[in-house]
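In the working numbering, the protein residues as written are 26 to 290. Yeah, the Cβ is synthetic: ideal placement off N, Cα and C, and Gly gets one too. These notes are about the structure you will find just below.
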Amino acid sequence: MKFSLALIAAVLPFISAATLERRAWTLPPVNGIFDYQLGGSYAPNTNVAVLTRDSSASGLAGKYNICYVNGFQTQPQDKQWWQTNHPNLLLKKANGQLFEDPDWPGEFFLDTRTAANRVALTAVMGPRYVDGCAQRGFQAIEIDNLDTFWRAPGLITMDHNIAYATLLTKYAHDKGLAVGQKNAMELGARGKNEAKFDFVVAENCQEWNECQDYMDVYGNNMISIEYNRSYFDASCKARGSKISIVLRDRLVVPKGKSGYVYDQC
Ligand SMILES: *[C@@H]1O[C@H](CO)[C@@H](O)[C@H](O)[C@H]1NC(C)=O
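So this is what it looks like as structure tokens:
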């Protein structure tokens, strides 16, 4: 009797864990040939193993698909929706005006400064973006614009954004999605250790001399995009046998459009 009770006690946690387990997430294949299709979807080369598309698109069967989610700013087409439905979740300056990304019109900063806001933001962003990624054939999301704390100094802090990122990664993991940190090398190891990001997607790391800093945290679970041929060539030489590296045009236009640039190593 004593023995079997102990056995039940030992086995129970595993049974309940298995019962509760959802679709397990997987990492992108290390050093898989990558394509970055943010400006519009197209059929990738057959040798491509990993690709990123916008959250409004669909994943491609047979590939590892990463869904782009603008986690910390509004998408331009959604700005009116946010203003109508969740004005209190948008960051305002002291003069009451919304905080708009100077480089990306229509992208308003999300206000991550209170725990209540972070919970409310996750309750919006999860169903509005992450669920669709899970339903439309993606295996992961990448969460962009983590660095609003850097661009809204005195308002948002790194701690606010890490706390909010932690809620988003938990939400995505529960949906069976892996989660990539997008850029924001200044997080150091906190992105991996606290927010629980699984891999990193880094733009311009050769240009800004950050590639090794990311690899110190994520090892070879890294995808790198350069927009300049000379930096791309240098990065390929330094670490092309270890991680996924691509060259793209800055507007990431779809294949067939004028200005399209793609190379990989
Ligand atoms: C790429 O980078 C090199 C080295 O900094 C620079 O000389 C060149 O102008 C850049 N090319 C483009 C297209 O930006």
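Pick from the options that is closest to residue i, judged by C-alpha positions
i    : options                : result
M210 : D184, Q237, D274, D199 : Q237
D136 : A165, G96, W129, D128  : G96
G157 : P112, P178, A177, C92  : C92
N90  : Q105, D60, H111, Y243  : D60
H185 : A165, V144, Q160, V271 : V144
R264 : A140, N234, G284       : N234
Residues near residue i in its chain [Cβ-Cβ closer than 7 angstroms; skip 5 each side]
i    : result
M247 : F224, V225, A227, Y239, M240, I268
G64  : L276, V277, V278, P279
T109 : none
Presumed contact (8 angstroms Cβ cut-off) between residue i and residue j, rounded CB distance
i    : j    : result
L114 : W107 : 7 angstroms
V94  : V149 : V94 to V149, Cβ: 12 angstroms. No contact.
N260 : Q231 : Per the sequence presented here, residue 260 reads as Ser, with Asn not at that position. With a Cβ gap of about 4 angstroms, S260 and Q231 count as contacting.
G205 : A177 : About 23 angstroms; that fails the 8 angstroms criterion.
T182 : E219 : Between E219 and T182 the Cβ distance is about 14 angstroms, and since that is not below 8 angstroms, they are no contact.
Start and end residues, alpha helix (DSSP H) containing residue i
i    : result
S255 : 254-264
K217 : 215-218
D238 : 236-243
D194 : Position check: residue 194 holds Thr in this sequence, whereas Asp was assumed. 183-199 is the span of the alpha helix (DSSP H), which, as asked, contains T194.
Cutoff 6 angstroms; reference residue i; Cβ partners in own chain excluding five residues on either side
i    : result
N245 : V55, K267, I268
K221 : T194
F163 : G84, N90, C92
D258 : none
Exposure label - residue i; buried when at least 16 CB within 10 Å
i    : result
T44  : For T44, the pLDDT reaches just 42, beneath the cut-off of 50, and the residue's location in the model is therefore unreliable, although a value from the coordinates is still provided. Classification of T44: exposed, given that the 10 Å Cβ count is below 16.
N142 : buried
D169 : buried
G87  : exposed
E46  : At E46 the pLDDT is 49, less than 50, meaning the model places this residue with poor confidence; the figure from the coordinates comes in the next sentence. Per the 10 Å Cβ criterion, exposed.
Limits of the unbroken beta strand (DSSP E) element including residue i
i    : result
T205 : Note that residue 205 corresponds to Gly in the displayed sequence, not to Thr. Taken as a continuous stretch (DSSP letters only), the beta strand (DSSP E) holding G205 covers 203-207.
Chain-order list of residues whose beta-carbon lies under 8 angstroms from that of residue i (same chain, five-residue window excluded)
i    : result
Q100 : G131, E132
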